[in-house]
Amino acid sequence: MTTLEANGVTLGVEHFGDAAAPLVLCAGGTTMLSWPDTLCESLARGGRHVVRYDLRDSGASITVDPEAPAYTLRDLAADAAALARELDDRPAHLAGIGVGGMVAQVAALDHPEAFSALTLAGTRPIAPGPVDDDLPDHDAATMGRLFSRSMPDWSDRDAVTEFAAEGAEILGNDPAVTRAAAARTWDRTPGTVPAVQMANQLGIVFARLDCKPRWRERLAELAMPTLVVHGRRDPFFPVGNGKALAREIPGARLLVLERASTAIPDAAADQVAMAMLDL
Numbered sequence: 001m002t003t004l005e006a007n008g009v010t011l012g013v014e015h016f017g018d019a020a021a022p023l024v025l026c027a028g029g030t031t032m033l034s035w036p037d038t039l040c041e042s043l044a045r046g047g048r049h050v051v052r053y054d055l056r057d058s059g060a061s062i063t064v065d066p067e068a069p070a071y072t073l074r075d076l077a078a079d080a081a082a083l084a085r086e087l088d089d090r091p092a093h094l095a096g097i098g099v100g101g102m103v104a105q106v107a108a109l110d111h112p113e114a115f116s117a118l119t120l121a122g123t124r125p126i127a128p129g130p131v132d133d134d135l136p137d138h139d140a141a142t143m144g145r146l147f148s149r150s151m152p153d154w155s156d157r158d159a160v161t162e163f164a165a166e167g168a169e170i171l172g173n174d175p176a177v178t179r180a181a182a183a184r185t186w187d188r189t190p191g192t193v194p195a196v197q198m199a200n201q202l203g204i205v206f207a208r209l210d211c212k213p214r215w216r217e218r219l220a221e222l223a224m225p226t227l228v229v230h231g232r233r234d235p236f237f238p239v240g241n242g243k244a245l246a247r248e249i250p251g252a253r254l255l256v257l258e259r260a261s262t263a264i265p266d267a268a269a270d271q272v273a274m275a276m277l278d279l
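One point on numbering: in UniProt numbering, the residue at position 138 of the sequence shown is 138, and numbering is uninterrupted.
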């Protein structure tokens, strides 16, 4: 892991594979660990230079004030384009998961010259907040269970990792895998300031971002090969959101992971990598 300067900010990055190979740039949602090691390693074995990175206010990237971010979704999109150019003279395959998928959509629309292909995993074509009438919203029962829990002591590593594991069980992800990822996220977070730890674990900084103007109506402009990956069991962004993306992006391929929820499980890593490599 290292850091790079792009678009005037410091971004934490991690490399897999040969730096001379075509670049796959993975935007975290919000930390880079949203992209599983197994998937990154599978892409690298397939002849790609994989770089996953932390969005602002997470991991090794610049952290200022996650409770009052002064940047916008457009700034995060510009970060992705600038980072891609910093890493390789050739256009990159951009991949985004969760809220990172929102960054990736806007980056591909605003900076199409920087990217050669697009992968969108577990995301939707609109910003956090009220959902469009034709898109399925968060599953109410699941969200009730998820958000009725008391917040942990964000300065207590064990409490935070257990909170993450409980949330994973509610969402239908693997609690053990999530607990381990939360521990790694904790260890990579600068300091124990509760707001910073919470931003790294939950990514709630996105709820405070200026995400205007809308971009859904522009999806038909995308002319690059696109893969949409979505878990059939995702209660946070139900699979109808992925289907909408695949319909509205010209020529997009939809890959539904029948046993997956919000995370890409290790068991599906090779399948997702092969689909990405085919773009």
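Backbone N, C-alpha and C define an ideal beta-carbon position, used for all residues, glycine too.
Predicted, not measured: the structure shown is a model, and the values here were computed from it.
Query                                                                                                                                                                                   : Result
With 16 other CB atoms within 10 Å as the buried threshold, where does T2 fall?                                                                                                         : exposed
Would you check if the distance between the CB atom of I170 and the CB atom of L146 is smaller than 8 angstroms?                                                                        : yes
What first and last residue would you give for the alpha helix (DSSP H) that runs through S42?                                                                                          : D37 to R45
Tell me whether the stretch 173-182 and the stretch 17-24 touch, counting them as touching only if at least three CB pairs, one residue from each stretch, are closer than 8 angstroms. : no
Around the Cβ of E14, are there at least 16 other Cβ atoms within 10 angstroms (buried) or fewer (exposed)?                                                                             : buried
Determine the direct distance from the alpha carbon of L245 to that of L39, and round the result to whole angstroms.                                                                    : 22 angstroms
Is it true that the CB of G96 sits closer than 8 angstroms to the CB of T123?                                                                                                           : yes
Would you mind stating whether Y71 and G12 have Cβ atoms separated by less than 8 angstroms?                                                                                            : no
If H269 sits next to S116, beta carbons under 8 angstroms apart, how far is it from one beta carbon to the other, in whole angstroms?                                                   : Before going further, note that residue 269 is Ala rather than His in the sequence given. With a Cβ gap of about 22 angstroms, A269 and S116 do not count as contacting.
Within 10 angstroms of its Cβ, does M274 collect 16 or more other Cβ (buried), or is it exposed?                                                                                        : exposed
Please state if the CB of L118 and the CB of P127 are separated by a distance shorter than 8 angstroms.                                                                                 : The sequence shown places Ala at residue 127, not Pro. No, the Cβ-Cβ distance between A127 and L118 is not below 8 angstroms.
I need the boundaries of the beta strand (DSSP E) containing A114, first residue and last residue.                                                                                      : No beta strand (DSSP E) holds A114; DSSP gives it neither H nor E.
Between the beta-carbon of P66 and the beta-carbon of A199, is there less than 8 angstroms?                                                                                             : yes
Quick check on M276: buried or exposed, where buried means 16 or more other Cβ atoms within 10 Å of its Cβ?                                                                             : buried
Going by DSSP in three states, R145 sits in which element: helix, strand or coil?                                                                                                       : helix
By DSSP, does V228 sit in helix, in strand, or in coil?                                                                                                                                 : strand
Using alpha carbons as the reference points, say which of D79, R74 and G29 lies closest to G8.                                                                                          : D79
Which one of D278, T142, F163 and I249 has the shortest CA to CA distance from R233?                                                                                                    : T142
Relative to the C-alpha of W215, which residue among V193, G101, L257 and P265 is closest?                                                                                              : G101
Given a cut-off of 8 angstroms, decide if L257 and V229 are closer than it, judged by their beta-carbon atoms.                                                                          : yes
Whose CA, out of P238, R253, R149 and F236, lies closest to the CA of P225?                                                                                                             : R253
How is I97 classed by DSSP in three states: helix, strand or coil?                                                                                                                      : strand
Out of A27, G29, R45 and V50, point me to the one whose CA is closest to F16's CA.                                                                                                      : V50
With a cut-off of 8 angstroms on the beta carbons, I'd call L83 and A104 a contact; round off their distance for me.                                                                    : Incorrect: roughly 12 angstroms between the Cβ atoms, too far for contact.
Compare the beta carbon distance of E86 and A27 with 8 angstroms and say whether it is the shorter of the two.                                                                          : no
Taking the C-alpha atoms as reference points, what is the distance between N241 and P125?                                                                                               : 7 angstroms
Using DSSP's beta-bridge definition, name the partner residues of L120.                                                                                                                 : G96 and V228
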